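Okay, so here's the structure we're looking at.
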Amino acid sequence: LINDVLDLSKIEAGQLALSLNDYSVQDIVQTVFSGMESLAADKKLTLKSHLTPDLPLGRGDERRITQVLLNLIGNAIKFTDEGEVTVRVTTANGAFLVAVTDTGPGIAPEDQAKIFQEFQQVDSSSTRKKGGTGLGLSIAKRIVEMHGGQIWVESSPGKGSTFWFTLPVRVERPREAG
103 LINDVLDLSK IEAGQLALSL NDYSVQDIVQ TVFSGMESLA ADKKLTLKSH LTPDLPLGRG
163 DERRITQVLL NLIGNAIKFT DEGEVTVRVT TANGAFLVAV TDTGPGIAPE DQAKIFQEFQ
223 QVDSSSTRKK GGTGLGLSIA KRIVEMHGGQ IWVESSPGKG STFWFTLPVR VERPREAG
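In the working numbering, the protein residues as written are 103 to 280.
Put into structure tokens, the structure is as follows:
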């Protein structure tokens, strides 16, 4: 929570700077999977990845991209009670296209617009079963946009969710957070 609030504060103040370096998207996915496998196993969920062969090296902030994927996969695991979480990565038009799909409860259309805002969750009642601060998706959105990408969700109740994001393969200058 403290790190999320600090990241959000830096973003709001325009002080979160991306550290641009070459990275391997395959390595990022592997790192995140290594960190998430036990959470998925505890819930008896299958964690899958489908990466297009020969993905190019990217240029961006590897640590922040890892943070985005950790948030998306972590949420998918948290809100999925049975089935699987799948990550797909391909390239199109000079950008990575990443999809994190789950077999969870899905998200109603009226809730999809607000989940990328700070401190917002689908179930924000005091009796909600899943924990969290409602900051992960907001921070992920800001990081993706600072890289010049976009993030969105496709979902319907009872059918699971797919969170998509794009990242330019080569980021030369970060965009302002906002």
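All residues carry an ideal CB built from backbone N, CA and C; glycine is no exception. Bear in mind the structure is a predicted one, so any value in this text is a computation, not a measurement.
Give me the residue from Ile241, Glu274, Phe198 and Ser258 with the minimum Cα distance to Trp266. Working through the sequence shown from its first residue, we reach residue 266 at position 164. Cα-wise, what sits closest to Trp266 is Phe198.
Unbroken stretches of the alpha helix (DSSP H), 4 residues or longer, contained in the region 234 to 275: The qualifying runs are 238 to 248.
Taking DSSP as the reference, what is the three-state secondary structure of Asp144? In the sequence shown, residue 144 corresponds to position 42, counting from 1. Looking at Asp144 - three-state DSSP - the assignment turns out to be helix.
According to DSSP, is Lys216 part of a helix, a strand, or is it coil? Residue numbering aside, residue 216 sits at position 114 when the sequence shown is read from its first letter. Reduced to three states, the DSSP call for Lys216 is coil.
Assigned secondary structure, Leu122 (DSSP; H/G/I helix, E/B strand, else coil): As a working note, residue 122 is residue 20 in the sequence shown. DSSP places Leu122 in coil when its eight states are reduced to three.
Boundaries (first-last residue) of the alpha helix (DSSP H) holding Thr154: Looking up residue 154 in the sequence shown gives position 52. First-last for Thr154: undefined, no H or E at that position.
DSSP state of Leu159 mapped onto helix, strand, coil: In the sequence shown, residue 159 corresponds to position 57, counting from 1. Looking at Leu159 - three-state DSSP - the assignment turns out to be coil, as it is neither helix nor strand.
How about Val246 and Val170: are their beta carbons less than 8 Å apart? Numbered from its first residue, the sequence shown carries residue 246 at position 144. Numbered from its first residue, the sequence shown carries residue 170 at position 68. It is a contact, given that the beta carbons lie within the stated cut-off.
Among Ile241, Asp163 and Ile175, which residue has its Cα nearest to the Cα of Asn123? For the purposes of this step, residue 123 is identified with residue 21 of the sequence shown, where counting begins at 1. Of the candidates Ile241, Asp163 and Ile175, the one whose C-alpha sits nearest the C-alpha of Asn123 is Asp163.
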